Ligand code: HEC
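Numbering (the working numbering), first residue to last: 334 to 477.
Structure representation (structure tokens):
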């Protein structure tokens with residue numbers, strides 16, 4: 334009898350562990366992505382053009398010339414492309430994979446100073462969901 338009770342308790346515990354955790358709503362994902370992009374991974378430091386007071390928020394993630402310089406001869410990305418509304422030619426799933434691996438959909442790697450992010454899947458999904466909501470400026474629209 335005691336054994337049965339234990340087995341039942343173990344089964345109940347297993348059942349509790351197996352409960353799928355509710356997937357976050359799209360709204361919650363976007364909110365977390367907003368926090369990550371604008372407070373943690375700071376994509377806008379390079380992908381938003383600089384104004385006299387720092388990144389020009391009216392052109393959030395619309396792409397910018399790379400103003401950083403290096404004193405060592407390495408291949409260097411000269412422009413941080415627009416990523417608002419998703420980078421050109423990426424599906425959202427491809428963008429999520431990129432944020433987890435640093436590898437483009439075609440297998441190539443962006444040049445420095447683009448960081449090779451290794452976000453976990455939850456964070457990558459949040460970042461992509463948020464960036465997908467950022468409107469793409471008119472002058473960049475044809476690139477999508
Ligand atoms: C330190 C500056 C810097 C930061 C921070 C940065 N990027 Fe970049 N990013 C670049 C540069 C420069 C390139 C262009 C690299 C090249 O031309 O090879 C680039 C390229 C990319 C590309 C490649 C587009 C393509 O050609 O396939 C994507 C996507 C991208 N960045 C997204 C992001 C996201 C999302 C974030 C934040 C999570 C971010 N970047 C943060 C500088 C940066």
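Glycine included, each C-beta is placed from N, C-alpha and C at the ideal position.
On a predicted model such as this, the values are computed, not experimentally measured, just so you know.
Proximity test, residue i beta-carbon vs the ligand HEC heavy atom, cut-off 8 Å
| i | result |
| --- | --- |
| residue 387 | no |
| residue 447 | yes |
| residue 437 | yes |
| residue 411 | yes |
heavy atom of the ligand SAH below 8 Å from residue i C-beta
| i | result |
| --- | --- |
| residue 423 | This structure does not include the ligand SAH; its bound ligands are the ligand HEC. |
Euclidean distance between Cα positions of residue i and residue j
| i | j | result |
| --- | --- | --- |
| residue 425 | residue 419 | 7 Å |
| residue 397 | residue 371 | 16 Å |
| residue 334 | residue 356 | For residue 334, the predicted model reports a pLDDT of 48, less than 50, meaning its position is unreliable; a value from the coordinates is still stated below. Their backbone Cα atoms lie some 39 Å apart in a straight line. |
| residue 455 | residue 465 | 15 Å |
| residue 427 | residue 437 | 8 Å |
| residue 432 | residue 406 | 26 Å |
| residue 401 | residue 354 | 43 Å |
| residue 468 | residue 417 | 6 Å |
Exposure of residue i, with buried meaning 16 or more beta-carbon neighbours within 10 Å
| i | result |
| --- | --- |
| residue 415 | buried |
| residue 440 | exposed |
| residue 444 | exposed |
Residue i in three-state terms, based on DSSP
| i | result |
| --- | --- |
| residue 450 | coil |
Return the chain-ordered ranges of every alpha helix (DSSP H) run that is complete within the stretch 369-435 and spans a minimum of 4 residues.
With a minimum length of 4 residues, the continuous alpha helix (DSSP H) runs that stay inside the stretch 369-435 are 377-380 and 425-434.
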